[in-house]
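Under full-length UniProt numbering, the first residue of the sequence shown carries the number 1, and numbering increases by one thereafter.
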Amino acid sequence: MLLSTRVIRNVLSGTKKFNLASTSSFGNTTLPFGQNYGPFRNYAKSNSKSSKEKEPEETEKKEEFEEEEDGESEKKPKYELPPYLKTATSTILLATLFSSATIYVLYNYKKDITEEERLKLGKVQTNILTNLAIPVRTSFDNIYANLLRENKTFESFFGPAPLQQLLGPPLPSGVGRQYTLVIDLDSILEISRSNNHPAVFKRAGLDYFLSNLSKDYEIVLYSNSMPTNNPELITFKIDPQGNYLSSQLFSDSGLKERGQFSQRVEMLNRDPKKVIFLDTQSYKHPNVINIGKFNPNTRESILINLLPVLSDIAKKKPEDVTKEVQELNDERGLVQSIQHYVDSRNINTNPSGKRK
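Now the structure itself:
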């Protein structure tokens with residue numbers, strides 16, 4: 001009753017604050033009519049302090065939890081290749097490195113030696129040079145040359161491939177032989193390599209063919225498989241007196257690319273319009289006459305038949321021999337094309353000089 005009486009009195013008198021310290025267990029607490037909440041404010045302060053104290057603890061726990069997660073993720077094994085794939089990859093890598101180093105060594109092996117130095121090489125060195133170094137060097141040079149010729153972007157990046165002049169300077173115009181005849185060895189000879197002294201089988205009419213054309217043509221012998229340790233043996237069989245052949249070229253010259261005479265005829269240091277190739281197969285080339293590979297077991301006279309045509313070309317001295325060459329490469333075949341060429345130009349094919 002006393003509490004109710006005081007409350008009513010304060011309300012009626014307009015007092016906003018009243019203290020219940022003496023009458024209530026709330027102590028310092030102010031009722032809604034007052035401004036002081038006493039213990040409640042202290043409780044809030046204590047709660048805010050405790051929350052502030054808890055924040056760093058929670059942060060520490062969060063960091064510890066993240067560290068534990070990172071540690072667990074590190075402990076978890078990452079995806080690894082199966083053992084057989086690792087072995088295969090390592091093998092391929094080692095094989096690539098080894099083959100690259102081997103090819104580099106072979107490519108540069110005795111690269112710039114002279115013919116005299118080559119003849120002085122021992123048997124092992126000659127075998128390495130002939131059977132390994134030269135084929136490797138030729139293959140990569142041909143690949144590089146083909147890329148430069150067929151890919152303009154490649155050429156613009158690396159520049160034009162340098163041309164090695166295979167023959168000496170040509171004679172002045174009007175002096176000596178103005179035309180060049182390059183003959184593939186396999187088209188005129190069959191060589192037996194069963195022993196150290198190869199047996200040579202000549203195509204029918206070869207001596208007569210060379211003796212007549214050497215007056216008007218610079219004759220060059222090309223061999224893609226010439227035994228470079230003894231080239232003079234083969235040369236002696238073909239030209240014992242040294243009257244027919246002007247020069248010899250081998251596989252390391254790069255004159256042939258993938259079994260075909262290069263389209264870059266200018267590497268011979270001769271006018272491409274005055275060069276004729278005699279080869280063993282047919283392919284598109286303005287300078288090539290396909291006379292086929294020589295087979296000693298067959299009877300034929302293609303060299304004797306071709307001789308009047310080549311002699312007529314040299315006699316008439318055309319500025320461009322490729323026109324005559326292409327006339328011999330039509331669909332009728334070489335034998336019929338030769339006969340048509342001879343008949344259309346009324347060429348005498350009788351060796352005695354008398355017309356039939």
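The C-beta atom is built at its ideal place from N, Cα and C for all residues, glycine as well.
(message) Going by DSSP in three states, L189 sits in which element: helix, strand or coil?
(response) It is a strand residue.
(request) Rounded to whole angstroms, what's the CA-CA distance from E327 to I219? Just pull it up for me. (result) In a straight line, the C-alpha of E327 is about 22 Å away from that of I219.
(request) Would you tell me roughly how many angstroms separate the C-alpha atoms of P169 and Q248, rounded to the nearest one? (result) Between P169 and Q248, the C-alpha separation is close to 15 Å.
(message) Measuring straight from C-alpha to C-alpha, what distance separates I289 and L307?
(response) Going from the Cα of I289 to the Cα of L307 covers about 13 Å.
(request) Please name the residue in A199, S311 and N131 whose C-alpha comes closest to that of F250. (result) Closest by alpha carbon: N131.
(message) Give me, in chain order, the residues of the same chain whose beta-carbon lies closer than 7 Å to that of S246; leave out the 5 immediate sequence neighbours on both sides.
(response) Cβ within range, chain order: E218, I219 and V220.
(request) Could you spell out the range, first to last residue, of the beta strand (DSSP E) harbouring E218? (result) DSSP places E218 inside the beta strand (DSSP E), whose first and last residues are Y217 to Y222.
(message) Are the CB atoms of I313 and E324 within a distance shorter than 7 Å?
(response) A Cβ-Cβ contact shorter than 7 Å links E324 with I313.
(request) Could you tell me which of K215, S192 and Y107 sits nearest to S311, measuring between CA atoms? (result) The residue from K215, S192 and Y107 with its alpha-carbon nearest to that of S311 is K215.
(request) Please go through the same chain and pick out, in chain order, the residues whose beta-carbon is closer than 8 Å to the beta-carbon of P318, but skip the five residues on each side of it. (result) Exclusion of the five residues before and after P318 leaves E324 as the residues of its chain whose Cβ lies within less than 8 Å of its Cβ.
(message) I'd like to confirm something about S301: is its beta-carbon nearer than 6 Å to some heavy atom of the ligand GDP, or not?
(response) Ligands are entirely absent from the displayed structure, and the ligand GDP is therefore not among its contents.
(request) Figure out for me which residue from D271, E300 and T349 has the closest Cα to the Cα of T322. (result) Checking every option, the nearest Cα to that of T322 belongs to D271.
(request) Just the C-alpha distance for T298 and R203, rounded to the nearest angstrom, thanks. (result) Rounded to whole angstroms, T298 to R203 spans 10 Å at the Cα level.
(request) State the DSSP-derived secondary structure class of D207, mapped to helix, strand or coil. (result) Here D207 sits in helix by DSSP.
(message) Only counting the same chain, and skipping five residues up and downstream in sequence, which positions put a Cβ closer than 6 Å to that of P296?
(response) E190 and F201.
(request) Measure the alpha-carbon distance for L268 versus D184 and round it to whole angstroms. (result) Their backbone Cα atoms lie some 15 Å apart in a straight line.
(message) So the candidates are S99, S187 and D330; which of them puts its Cα closest to the Cα of L206?
(response) Proximity to L206 across S99, S187 and D330 peaks at S187, based on C-alpha coordinates.
(request) Would you identify the three-state DSSP class for L334, choosing helix, strand or coil? (result) L334 falls in the helix class under three-state DSSP.
(request) Keeping to the same chain, check which residues put their C-beta closer than 8 Å to that of D330; ignore five residues upstream and five downstream. (result) Counting only Cβ-Cβ distances below 8 Å, and skipping sequence neighbours, we find S337.
(request) Report the three-state DSSP secondary structure of V275 (helix, strand or coil). (result) If DSSP states are grouped into helix, strand and coil, V275 belongs with the strands.
(message) Could you give the first and the last residue of the continuous alpha helix (DSSP H) run that contains L121?
(response) Taken as a continuous stretch (DSSP letters only), L121 belongs to no alpha helix (DSSP H), as it is neither H nor E.
(request) Measure the alpha-carbon distance for A44 versus E80 and round it to whole angstroms. (result) Residue confidence for A44 is low, a pLDDT of 49 falling below 50, so the modelled location carries little weight and cannot support an answer.
(request) Go to I103, then tell me how far its alpha helix (DSSP H) extends in each direction, as first and last residue. (result) Its alpha helix (DSSP H) spans residues P83 to Y107.
(request) Thinking I276 and Y179 are a contact (beta carbons under 8 Å), I'd like their distance in whole angstroms, please. (result) Contact flag correct, Cβ pair sits at about 7 Å.
(message) Using C-beta distances below 7 Å, list every residue in its chain close to I103, excluding the 5 sequence neighbours before and after it, in chain order.
(response) So the list reads V136, once near-sequence residues are dropped.
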